[in-house]
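Chemist: I'd like to ask you about the structure that follows.
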Amino acid sequence: MTLVAIPTAARAENPAAFLVEAGVLHEEGPFYLHVQDKGVVLPDVQWQPSEEDLLRAAYTWWLAHASVATVTLGIALTRRQDVANPDSDMEMLTVAETSPVKPNNALEDDFIEDVSAAAPVATLFVASRAMYHGVAASSCDLAGYLSGAEHVAPEDLLTTETDRCRWLLPIESLKAGVFSDVDYSQPINVLGFHRQEAALVAMTLLLSGHPSVRLCLFELDPTVLSKLPGPMTATVFSTAGVLQPNTSGDFDLSASAPVPAENSSNAEIAAAFDAEVAATTKKVKPMPQVARASREYREAFFTMPLPLPKAAFLEVAAAIYRATSLVLAPLGVLCPNPNPNLTETSMLELKTKHGHILQEIIEVVSDMVYADFDVDESIMAMSAQAWLHDVNDAECNAAMSKINQLGTTLRDSPAVVELRTTLAPANVVATVGAIVDGISASLAHKVPWALTPAPLPDFSHPPPPLEHMTMYPTVVYALGYQRPAGGRAATKQSTLQVKAKVQAVYEGVRSAVAGIKDLDGVQLQALVECLPPADRADIADLAIATFGTHHVVNDDVFVDPRLTQAAQARFRAVLSQGSRAQSRGDVEDAVRHFSTALNCVPLHHASVADALAKRAMAHLSLGNLEQARADSQAALAVAPFCMEAYAALGALAEKAGDHEDALQMHVLAFILGGSRAVEQADVIERVSKHVGRAKAKEIWAAMEMRHDLPSRWLVDSYFQSFYRDADYPISTVAVSKLSELPPETHLEPLLVRAIHHKRARRYKEAQTDFAALAAHVLPLVRELDDPAALDSADRKRFVIALNLHASFLYIAGDVNSALGVIDEALRLDPEHVNSVLKKAGFLVELGDFDDATELFAEATSLDPNNADIYLHQGQMELILCEYPAAVSSLRRAMARCETMYVTHVSYGMALYKAGSVYQSLDVFKTALELFPESHEVRLFYGDVLSDRGDYGQAMAHLKTAYEMSPECPLHLLNAGRIFVATNDAAHAIAHFEEALRLDAKSSAGHLDLAQVYFAQGNVSEAMKHFDAAIDTCRFLPEVEDACACRAVALMQLRATEILGVDLRHMLKNKNK
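Reading the sequence shown from the start, the letters are residues 1 to 1072 in the UniProt record's numbering.
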């Protein structure tokens, strides 16, 4: 070991700069900043001499890692194991050889801007407990702390020895204790009275897993203090003006009073503070209940699996990392690029253009690894929630970050690789050969179409040496291909084929390395680079030989001497100019740029499809429909799997009003785009509604109005949405016992009985009585020339009877009849607010939102303090996705009535949809306290939690809600949707079927079940439930939605014929 002394001047200014400039730090590390325990213990000092060296080492560590990202520089402490024995053996403690993420520095202006602009950046203030209270002598001009900042005392990071140099506590205990109140999801500035103390805290916080820590390279002094916002500095004071109490505990404020020495009160304050800090640091997040992987949770409803133990979770994550890196690495899916004309690419291009391929490979490999470990996505989802979010475990977060950063790691391979594998260098060539053979055998068995590429052409000159060709994902170029001779169709791989191929490559790699422990792509590449030149040449030959079959870009790859790196760069630059022109609205200029781009590369090259598809969309914007169609078709002729070309054809079909053809084109684009096609999903939803609406009108016209009431829970939910329904003025204390109450002679007793049935939730009896009342009242009303001439008491009874008859018609699904009846009620009393409100609701169900909005405004003018108006208006705005408006309306409803659960639930959902997540969660928590017996609150709260990925808590609320209301199928449906999200089809189907057993007329249940069956490839069963969903709809919009879902499924089936792929390549089949 070589020791290098840092000069005194450099140590005072910037020791890290000296180490870098002097060439002390280089790639053959690791290096350590050495701290030696001098064995000197001074009384009554904050830091012992050796501990001051530790502080300086932490500051140097930070500056060095901030300057040189790849440096392997740690901190080491040597001290005697037995302090009392001079001959005792020495021990060395080390920490922080590498930084998990690059440290960041904050200058004074940066920090002041963050705190002044209320930026989403937290502040961590570092001060000893004595400085915090100003009870110790100090050279600083200030003491105290910054208001609103988290506070950490640097001594709390260290062990408690008093007879030697203290050392850092374990990082895990620091995260659970000292840093337990730090928000790891938010960037944080670390500032203190002493820069080196702040550096120690910043370093340990970074090592604990915080992704964005900034060390302030300045200290808090009066100059900085004067620039900070006033509220932040209220608890900072000048040490020069501090008075000490005298022996009697009083303060002498006279000018001549001497300042007495410190007394015991200081120690009492410090002791009280120590006790408080000790109580705080003991708050450790509870560990989750865990279990080994098991399918027993599927034996009951509303059961989620327990999370895996931490060790098991890390084992699965490590396996995913190893497998994915080997699938991505040299002889897996992404092999070296043999094209001598293309030798460079940027990391930005790799991420923006082909990041989706890397992500899809990670997803496919993860599924395969889950099967190897006999776990499913439900188990892994619960484990991720527990270890990554609830516990926020640093080691688990680091493991997942390692997987997500794999593309970057493989592209920019680390300078130093720690070899943990059992693979010996002498066996590397044989192992690489085994990987080639294993992949080839797997491809031949699983996807034989992948082994029939066109022969690789001769190069005009040999490819560059292997050491100049990265073996990592730089090969994800748009390499392009020529149209094969003899009219053979081009065979560029689609996203679906890529997924099937990744599975086959994974199985080949797994079989080849089964007996080698802990091998990953990074270690394999490092071992290859250490081989003799002859062995590296052999591996290079294998890479070239397998290029045509083992890569994921094209099957038919040809090299064109005109397709140089410069030509592609020019093509991309001109294409970007066209995209920018289109973004700013200069579409004609965009067309010119896209046309120019076509001249940059050979016209047979696949890249021209990008320019053609973009020009097609530009022509579409200009109304040049024929040119747009010609460009789209030309793009597909060059690249048969061009997602953008299909999207353009879909937009053309929309323009022509052919929504079925448009839907087919957009579905094709979505399938080909994979995870890239997020916007395409929104387009499919919009277009499918047009298709569904056209089909639904025919079905709805032929459907017989059965006037059957739905299940009681659904009727309950409608009437519970009114704080004051139409019948609220009517007393039902005296209800007639007569079985026959003809409305002609007993109108009022019949009305009272009908209302009594409604309030007692005997809805069928209530429906019958209100129908009898309406049959008598409607002819009388229609004969009236002047409704005002009617007796006021009779008019009041007539309005209530018609209003509630219309309500039951609406609940039964006959909205048009309900609208006609409510109009007669409003003819009798145009200012009856409840009738105006219900008419608005009926119009919303018919999709007439403009007239509904006018009626809500009319109701507000009649009774501006009516909470029901704002509730139902807010619910309409939720349907229209006008979330800020919904929040405003529902806030007004809350202000006028807080006694209805539906108002809280609707307000909470609106806040969540508007992005106010934490405020939404607070609303639901309050609702749980106010309405502990409401199953609806738990139902919707569970919906929000599941959307956030907190499946365990969501399922617990759904289970409780089901126990409260076992006749309601919605709890089972929502639970089933959680299992769909975690890809557990069997458990999802069980919940959906149980929901349909409870309520066979649940259209949503049939629809959910149909989509799961379709995703499994069980098309006949899926179509049966699609048809049942349509047949059980009560409202026209429900029929439209069901028809739209069925249409999308049919379009996916047709896509299998158009694209030439099997349905199982498009949809996951997880029936375990």
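Where is the CB? At the ideal position from N, CA and C, for every residue including glycine. Owing to the predicted nature of the structure, the values given are computational and were not obtained by experimental measurement.
At a cut-off of 8 Å, is Ala-424 close to the ligand NAD when judged by its beta-carbon and the heavy atoms of the ligand?
Modeler: Absent from the structure shown: the ligand NAD. Ligands present: none.
Chemist: What three-state label does DSSP hand residue 1118 in the structure shown?
Modeler: Here the chain comprises residues numbered 1 to 1072, so residue 1118 is not present and cannot be evaluated.
Chemist: With DSSP run on the structure shown, which of helix, strand or coil describes Glu-967?
Modeler: The count along the sequence shown starts at 1 and reaches residue 967 at position 967. Residue state, collapsed to three classes: coil.
Chemist: What is the residue span of the beta strand (DSSP E) that Gln-186 lies within?
Modeler: Indexing the sequence shown from 1 puts residue 186 at position 186. Secondary structure note for Gln-186: it is in no beta strand (DSSP E), with a DSSP letter that is neither H nor E.
Chemist: Does Thr-94 come out as helix, strand or coil in the three-state DSSP assignment?
Modeler: Here residue 94 refers to the residue found at position 94 when the sequence shown is read from its first residue. If DSSP states are grouped into helix, strand and coil, Thr-94 belongs with the strands.
Chemist: If you pair each beta-carbon of the stretch 950-958 with each one of the stretch 298-306, do three or more pairs fall below 8 Å?
Modeler: Yes, since at least three Cβ pairs between the stretch 950-958 and the stretch 298-306 fall closer than 8 Å, the two stretches touch.
Chemist: Indicate the three-state DSSP secondary structure (helix, strand or coil) for residue 1091 in the structure shown.
Modeler: As shown, the chain starts at 1 and ends at 1072. That puts residue 1091 outside it, with no answer to give.
Chemist: I want to know whether the stretch 98-117 touches the stretch 209-219 - three or more CB-CB distances under 8 Å.
Modeler: yes
Chemist: Check for me: the alpha helix (DSSP H) holding Arg-629 runs from which residue to which?
Modeler: Taking the first residue of the sequence shown as position 1, residue 629 is located at position 629. Residues 625-638.
Chemist: Find the nearest neighbour of Leu-652 within the set Ala-681, Ala-618, Gly-673 and Glu-685, judged by alpha-carbon distance.
Modeler: By 1-based counting over the sequence shown, the position of residue 652 is 652. Minimum Cα distance to Leu-652 is reached at Ala-618.
Chemist: Does the separation of the CB atoms of Leu-804 and Asp-708 fall below 9 Å?
Modeler: To locate residue 804, count along the sequence shown from 1; it is residue 804. To locate residue 708, count along the sequence shown from 1; it is residue 708. In this structure, Asp-708 does not lie closer than 9 Å to Leu-804 by Cβ.
Chemist: By alpha-carbon positions, which one of Thr-853, Arg-79, Tyr-59 and Met-400 ends up nearest to Leu-73?
Modeler: Against the sequence shown, residue 73 aligns to sequence position 73. Answer by Cα proximity: Tyr-59.
Chemist: Since Ala-662 contacts Ala-635 with CB under 8 Å, what's their CB separation in whole angstroms?
Modeler: Here residue 662 is taken as the residue at index 662 of the sequence shown, counted from 1. Here residue 635 is taken as the residue at index 635 of the sequence shown, counted from 1. Not confirmed; about 17 Å, so no contact.
Chemist: Identify which residue in Arg-948, Leu-527 and Tyr-962 has its Cα closest to the Cα of Thr-982.
Modeler: Start at 1 with the first residue of the sequence shown, and residue 982 comes out as number 982. The residue with the shortest Cα to Cα distance from Thr-982 is Arg-948.
Chemist: According to DSSP, what are the bridge partners of Thr-78?
Modeler: Along the sequence shown, one-based indexing puts residue 78 at 78. In the DSSP output, where bridge partners are listed per residue, Thr-78 has Gln-36 and Met-92.
Chemist: At what residue ranges does the stretch 986-1042 contain a whole run of the alpha helix (DSSP H), taking only runs of 4 or more?
Modeler: 1003-1015 and 1019-1031
Chemist: Taking the C-alpha atoms as reference points, what is the distance between Leu-843 and Ala-988?
Modeler: As a first step, residue 843 is located in the sequence shown; it is residue number 843 there, counting from the start. As a first step, residue 988 is located in the sequence shown; it is residue number 988 there, counting from the start. Between Leu-843 and Ala-988, the C-alpha separation is close to 35 Å.
Chemist: Could you pull the start and end residues of the beta strand (DSSP E) that Ala-143 belongs to?
Modeler: On the sequence shown, position 143 is the one that residue 143 refers to. Here the beta strand (DSSP E) through Ala-143 covers 142-144.
Chemist: Given a cut-off of 9 Å, decide if Ala-399 and Leu-519 are closer than it, judged by their beta-carbon atoms.
Modeler: As a working note, residue 519 is residue 519 in the sequence shown. As a working note, residue 399 is residue 399 in the sequence shown. No; because the gap between Cβ atoms is not below 9 Å, this pair is not in contact.
Chemist: I need the DSSP call for Cys-396, collapsed to helix, strand or coil.
Modeler: In the sequence shown, residue 396 corresponds to position 396, counting from 1. Residue state, collapsed to three classes: helix.
Chemist: Would you mind giving the Cβ-Cβ distance between Glu-1040 and Ala-696, rounded to the nearest angstrom? I have them listed as a contact below 8 Å.
Modeler: Numbered from 1 along the sequence shown, position 1040 holds the residue referred to as residue 1040. Numbered from 1 along the sequence shown, position 696 holds the residue referred to as residue 696. Here Glu-1040 really is in contact with Ala-696; their C-beta atoms are around 4 Å apart, less than 8 Å.
Chemist: Residues bridged to Ala-122 by DSSP?
Modeler: Counting from 1 along the sequence shown, the entry for residue 122 is found at position 122. DSSP output for Ala-122 lists Ile-188 as bridge partner(s).
Chemist: What span of residues does the alpha helix (DSSP H) with Phe-179 cover, start to end?
Modeler: Here residue 179 is taken as the residue at index 179 of the sequence shown, counted from 1. It is not in any alpha helix (DSSP H) - Phe-179 carries neither H nor E in the DSSP assignment.
Chemist: Is there a C-beta anywhere in chain D that falls below 9 Å from the one on Ala-775?
Modeler: This model lacks chain D altogether, as it is built from one protein chain only.
Chemist: Identify which residue in Pro-30, Asp-163 and Thr-78 has its Cα closest to the Cα of Asp-44.
Modeler: Counting from 1 along the sequence shown, the entry for residue 44 is found at position 44. The candidate whose alpha carbon is nearest that of Asp-44 is Asp-163.
Chemist: Report the residue from Ala-789, Val-316 and Glu-377 whose alpha carbon sits nearest the alpha carbon of Leu-828.
Modeler: Within the sequence shown, the letter at position 828 stands for residue 828. Closest by alpha carbon: Ala-789.
Chemist: Could you spell out the range, first to last residue, of the beta strand (DSSP E) harbouring Ala-656?
Modeler: Position 656 of the sequence shown, counting from 1, holds the residue named residue 656. It is not in any beta strand (DSSP E) - Ala-656 carries neither H nor E in the DSSP assignment.
Chemist: I'd like to know whether the C-beta atoms of Gly-438 and Glu-507 end up nearer to each other than 9 Å.
Modeler: Walking along the sequence shown from the start, residue 438 turns up at place 438. Walking along the sequence shown from the start, residue 507 turns up at place 507. The answer is yes: Cβ separation under 9 Å.
Chemist: Let me know the alpha helix (DSSP H) ranges lying completely inside the UniProt repeat "TPR" (901-934), each 4 residues or longer, listed in chain order.
Modeler: 901-913 and 917-930
Chemist: On the CB-based measure, 16 or more other CB atoms within 10 Å of its CB, does Leu-93 come out buried or exposed?
Modeler: Your numbering for residue 93 matches position 93 in the sequence shown. It counts as exposed.
Chemist: By the three-class DSSP mapping on this structure, what secondary structure does Asn-427 have?
Modeler: Sequence index remark: in the sequence shown, residue 427 carries index 427 (1-based). If DSSP states are grouped into helix, strand and coil, Asn-427 belongs with the helices.
Chemist: Excluding sequence positions up to five away, which residues of its chain have a Cβ less than 7 Å from the Cβ of Ile-1030?
Modeler: The sequence position of residue 1030 within the sequence shown is 1030, counting from 1. Excluding sequence neighbours, Ile-1030 sits near Ile-699, Val-1039, Ala-1042 and Cys-1043.
Chemist: Is Ala-106 helix, strand or coil when you go by DSSP?
Modeler: Within the sequence shown, residue 106 is the residue found at index 106, counting from 1. Residue state, collapsed to three classes: strand.
Chemist: Does Glu-1057 come out as helix, strand or coil in the three-state DSSP assignment?
Modeler: The count along the sequence shown starts at 1 and reaches residue 1057 at position 1057. It is helical.
Chemist: For Ala-611 versus Ala-645, is the C-beta spacing smaller than 9 Å?
Modeler: For the purposes of this step, residue 611 is identified with residue 611 of the sequence shown, where counting begins at 1. For the purposes of this step, residue 645 is identified with residue 645 of the sequence shown, where counting begins at 1. Taking 9 Å as the Cβ cut-off, Ala-611 and Ala-645 do not qualify as a contacting pair.
Chemist: To the nearest angstrom, report how far apart His-133 and Asn-397 are at their CA atoms.
Modeler: In the sequence shown, counting from the first residue as 1, residue 133 sits at position 133. In the sequence shown, counting from the first residue as 1, residue 397 sits at position 397. Distance from the CA of His-133 to the CA of Asn-397, rounded to the nearest whole angstrom, comes to 36 Å.
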